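To keep things clear, I will list the structure first and then write my remarks on it.
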Amino acid sequence: MDTVGQLINDLFQTHRKPDGKEYTHKEIFLATGGAIDPSYLSRLRHDKIPNPGRETLLALCRVFKVPPSYFFPELEHLAEGAPEPTTPQLQFRLALRASRLQPDVQEKLEQLFRALQGEDK
Numbered sequence: 015m016d017t018v019g020q021l022i023n024d025l026f027q028t029h030r031k032p033d034g035k036e037y038t039h040k041e042i043f044l045a046t047g048g049a050i051d052p053s054y055l056s057r058l059r060h061d062k063i064p065n066p067g068r069e070t071l072l073a074l075c076r077v078f079k080v081p082p083s084y085f086f087p088e089l090e091h092l093a094e095g096a097p098e099p100t101t102p103q104l105q106f107r108l109a110l111r112a113s114r115l116q117p118d119v120q121e122k123l124e125q126l127f128r129a130l131q132g133e134d135k
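In terms of our numbering, the sequence shown is residues 15 to 135.
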């Protein structure tokens, strides 16, 4: 099982800026509204903090657009009993989030989907 630091490092490697560069700790600090200090993030990435708080993990999920189950895969099976998304657009959006594609690619695919559905006029 991956450590929290490995999971966070994987987020940085797989979710990059539109120019392909990795986000800096300061950029994540700003994107979280100051919720995660750059030095704290560095300690997380180096496994110096093995059990970060709920708010820290939620902030990372929001910034990198991953579901909370990213950090807690053992809870994935609980979602199986959840009701299915009600609209095709919502289903598509959820699939994009799970795809781990770069955010700019996800946005472009969603724009294309809306255009094909006739919603983006």
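Note that CB positions come from ideal geometry on N, CA and C, so glycine has one too. As the structure is a prediction and not an experimental result, all values here were calculated from the model.
In this structure, Ala-45 keeps its C-beta atom at 9 Å or more from the C-beta atom of Glu-69.
For Ser-83, no alpha helix (DSSP H) segment is defined, and its DSSP state is neither H nor E. Between His-29 and Pro-102, the C-beta gap is not smaller than 9 Å, which leaves the two residues out of contact.
Here Phe-78 is near Leu-25, since their CB atoms are less than 9 Å apart.
When the five nearest sequence neighbours on each side are left out, no beta carbon in the same chain lies closer than 6 Å to the beta carbon of Val-80. Considering only Leu-74, Pro-66 and Glu-41, the residue with the shortest C-alpha distance to Lys-31 is Glu-41. Val-18 is positioned such that its CB atom lies closer than 9 Å to that of Asp-61. Counting other Cβ atoms within 10 Å of its Cβ, Leu-108 stays below 16 and is therefore classed as exposed. Residue environment for Pro-64: exposed (fewer than 16 other C-beta atoms within 10 angstroms of its C-beta). Across the set Gln-131, Gln-105 and Tyr-84, the C-alpha of Tyr-84 shows the shortest separation from the C-alpha of Arg-114.
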